[in-house]
Amino acid sequence: MNSKNGLSRRSFLKTAAVATAAVAAGPFSTLRSFAASREDELNILCWEGYNTENVLGPFRKAFKGVTVKAESGTDDPSMINKLRAGETKIWDLINVNQCWARDMLWPEKLIKPLNRARFEPYIEKMMKWFYSPETGINPFALSPDGKELLGMMQRFGPFSFVINTNKISATTAEDQGFPMFLDPALKGRYGILAYDNWNVMHLCITAGLNPFTQLNADQLAKFEETAEKVFEGAKMISSDLVQLNQALINGEIDLYFTGGTYTSSPARHEGRLEVLGISPKSGPIDGKGALQWFEITSLVNNPNLSPRAEDFLEFVQRPEICKAVAFAEGTYNPVSQMSNPEVFKLFSKEDLVAIQWDTLEEEMARSADYQICPNNDELTDIYNKVKRKRV
Amino acid sequence: MSEAPASAFASPPHARVLLRDASGGVRVVWIEPAIEAVRQQSAFGEISSRAFGMASSFPFLALMLAGFVVPLLCVCAFSLMPPRTFSLAQIPTLANYRIIFEQGYLLSLSKSVALALATVGILLVVCYPLAFALAKVFRSGAALVTYAIASSLFVSENIRLFGWVIGLMKGGVLAGISRQLGLEVESWLYNVPVIIFGMVYVYLPFMLFPLALGLQMVPEQVREAAFDLGASRWQVFRMIDVPLSMPGIVIGSVLVFVLSLGAIAEAKILGGQKVVTIAAEIETAFTFGQNWPLGSALATMLIGITAVLVFALLRKIDFERFLGRRLEAEP
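Read top to bottom, the protein sequences are chains E and R. If you count by our numbering, then the first sequence holds residues 1 to 391, one letter each, in order. If you count by our numbering, then the second sequence holds residues 1001 to 1331, one letter each, in order.
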């Protein structure tokens, strides 16, 4: 009766039988493929940037037939939670900030070491903060005993605070550093970027404390007092960097705590050069009052790891892919491969202005590594207590 | 004594049933064979239909068990694990609940409850007239209004709230219009009233539609009778409309209260985190706090409060009557 559209009762039954068989066999075929090599599959858990079409599209072309799934996280702890919750069976690569790989993923056996012979030649060509002939590979990319290579480094940048230079001069901000947020004259004129684990460290610096040393009761009390003052003076808190840049540009606020190239670059790339990331000249971390981060991509301790995982790490070293990772959707950042002239020439003058290239070396020299604080739990509890008492 | 109908002898034999009446006398009733067959099979039929019902409910029960009960039990169990640990195989402790009381988490809870109550109160006042119009006045236009309001649910909450940010921020749409009118308006954002505004805006459909449903239950004849007997508008509202539409009021209020209690985006996006809600605390504990047991304890506490409230209120509603009356009220 359906001969016109070619669907007879017999053909329908045949199709239905085939479909049913396929559905029934589905789980088994999946199991079969799971048990076999996953060379045609790659799953990446990462910060935004590595999952853009500018990166994944060329990878799919270079490795035809590979299905790539990339999911971006919004913070390191949430991504690590996924692995802790048993998703090591799903993901092949994880991309987090430096301290989380060495201090959390590695001890909890959530990641695997890389093949050093394959990847060290790439690292040796990276910028000086990641490899130097004297000190070797940046220790945050290595296991605590220095034997294993935990991942490949790529995006990085200073991260302290951001000002509107039409309202506050860069020199004043660099000279005064974080304690300027305690200035009564700035009360109600700044916002807080709710990257809470960063804020804990920066509040320590504001209080004149080194967050990477063990703090005593008096120092914790000083931290609490400082946190209360900073929250009391804040006009807004947001976890959205665009919202803070918008507030900075339209005059709602004059500066925000905390931020850096990562947060200011989208506004600068739009020509709003008054939005400027600041790295204070001095502070309590062995004289440093600023912080910096870099991302490290590691192999997940997947019992059936895709062989494409290491291929991907090698693939993202290509100059055009380095540029795509650096200038991904949302934020723009320098990458460790910019010491390679082939990579550097891909950045336009505007791109370099957006990432504050002219002051990058100076800012990195003023910045300490992002680490997990020894008193992180107590500081986090105090921070949350102060935050909820804000009104 | 009853006798078999004359026609009964012409057709296949009828069954004879003896019935005992109230005075103890016996009465013979002739019934159709088909009915008798059903009567005889009824006991078996009842059992088989019950078994069929049980079997039919299995997929639903399995889904509820795997997707709702087990995760809920996991959350409850995690709330009893030592703080900042990630395994369920540990000695249970009430430490997380003690932390909740000691570290001021009740403050966040009370703020969330206050925001939710304010939202429910405002929405009741705002939605009741509109629901009345939908149920009693608009007639054919009601569908259009319903679609217009419901269509907002198809757009992500975050996108709608960011739309309001553009409207309300310093130098935004509202400030621009005000300037054109000669008024200088500072930013409307980052305060408590704007958080409540955001919640009222987002949860309006969840109050409006149950209210309209409840008001449809109020029979027009009863209202007309009250007016005929000299009742004022206020008396009709107070003594007829409100009591008879109470199921709609309760369901709308419970829905909005529960959703508002778990709200997170309004305080973050519009309020600049002026208020840290309990949902934000739970998110923080699970993410950067890396304290699953504390997050679980906060979640268990919130679920407990919500469950007690919802069950207490919903026990007062006869759902069959609510839905049945709605059907009766339809033309």
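Note that CB positions come from ideal geometry on N, CA and C, so glycine has one too. All figures in this text were calculated on a predicted structure; none of them were measured in a lab.
Per DSSP, reduced to three states, the secondary structure at E:SER298 is strand.
Around the beta-carbon of E:TYR195, 16 or more other beta-carbon atoms lie within 10 Å, marking it buried.
Pairing R:PHE1209 with R:ALA1131, the inter-Cα distance amounts to about 7 Å.
A distance below 6 Å between beta-carbons, with the five flanking residues on each side excluded, links R:CYS1127 to the following residues of its chain, in chain order: MET1207, LEU1208, LEU1211.
With respect to the 7 Å criterion, E:ASP92 and E:GLY65 are not classified as neighbours on the basis of their beta carbons. By the Cβ criterion, the region 93-110 of chain E is in contact with the region 291-298 of chain E, since at least three pairs of Cβ atoms, one from each stretch, lie closer than 8 Å.
For the region 1186-1205 of chain R, the set of residues with a beta-carbon nearer than 8 Å to any beta-carbon of chain E comprises SER1187, LEU1189, TYR1190, VAL1192, in chain order. With fewer than 16 other beta carbons inside 10 angstroms of its own, R:GLU1184 counts as exposed. Given a length threshold of 3 residues, each whole run of the beta strand (DSSP E) inside the region 290-342 of chain E is given here in chain order: 290-300.
Annotation: R:LEU1065 is outside any beta strand (DSSP E) and is labelled neither H nor E by DSSP. Three or more beta-carbon pairs drawn from the region 1096-1106 of chain R and the region 1287-1297 of chain R are found closer than 8 Å, and the two stretches are therefore classed as touching.
The three-state reading of DSSP puts E:ILE94 in strand, counting E and B together. The C-beta distance from E:LEU45 to E:GLY73 rounds to 6 Å, short enough to meet the 8 Å contact threshold. In the DSSP assignment, E:PRO158 falls within the unbroken beta strand (DSSP E) covering 152-164.
Unbroken alpha helix (DSSP H) runs of no fewer than 4 residues, entirely contained in the region 1105-1158 of chain R, are found at 1105-1132, 1141-1151, following chain order.
With respect to the 7 Å criterion, E:ASP175 and R:THR1287 are not classified as neighbours on the basis of their beta carbons.
Within the same chain, Cβ atoms closer than 7 Å to the Cβ of R:SER1108 are found at VAL1276, THR1277, ILE1278, GLU1281, the five residues on either side in sequence being excluded.
For R:VAL1165, the C-beta contacts it makes with chain E under 9 Å involve GLN243, GLN246, in order along the chain. Residue contact check for R:GLY1272 against chain E: a CB pair falls below 7 Å. For the region 1085-1099 of chain R, the beta-carbon criterion of a distance under 7 Å to any beta-carbon of chain E is satisfied by PHE1086. Taking 7 Å as the threshold, the shortest C-beta distance from R:LEU1107 to chain E falls below it. Looking at the DSSP output, E:LYS288 bridges to E:ILE285. For the options E:LEU105, E:LYS61, E:PHE63, E:ARG60, the alpha carbon positioned closest to that of E:LYS82 is the one of E:LEU105. Under the Cβ criterion of 7 Å, R:PHE1078 is not counted among the residues facing chain E. Only residues of its own chain outside the window of five on either side were considered, and among them ILE123, TYR131 have a CB closer than 6 Å to the CB of E:ILE137, listed in chain order. Between R:MET1081 and the set R:LEU1072, R:LEU1259, R:ILE1091, R:GLY1271, the nearest pair of CA atoms involves R:ILE1091. E:MET126 places its beta carbon less than 7 Å from that of E:SER336. For R:GLU1281, the chain E residues whose Cβ falls inside 8 Å of its Cβ are ASN384, ARG388, in order along the chain. Under DSSP, E:ASN43 takes part in a beta bridge, and its partners are E:LYS69. Within the region 206-246 of chain E, the complete beta strand (DSSP E) runs of at least 3 residues fall at 234-238. As DSSP reads the structure, E:VAL275 sits in a beta bridge with E:ASN164. The region 267-285 of chain E makes no contact with the region 301-315 of chain E; the number of CB pairs closer than 8 Å stays below 3. DSSP, read as helix, strand or coil, puts E:ASP254 in coil. Its chain contains LEU1134, PHE1138 as the residues whose beta carbon lies nearer than 7 Å to that of R:VAL1145, once the 5 sequence neighbours on both sides are disregarded; these appear in chain order. With respect to the 7 Å criterion, E:PHE315 and E:PHE59 are classified as neighbours on the basis of their beta carbons.
E:ASP196 reaches chain R at THR1284, THR1287, PHE1288, GLY1289, counting residues in chain order whose Cβ is nearer than 9 Å.
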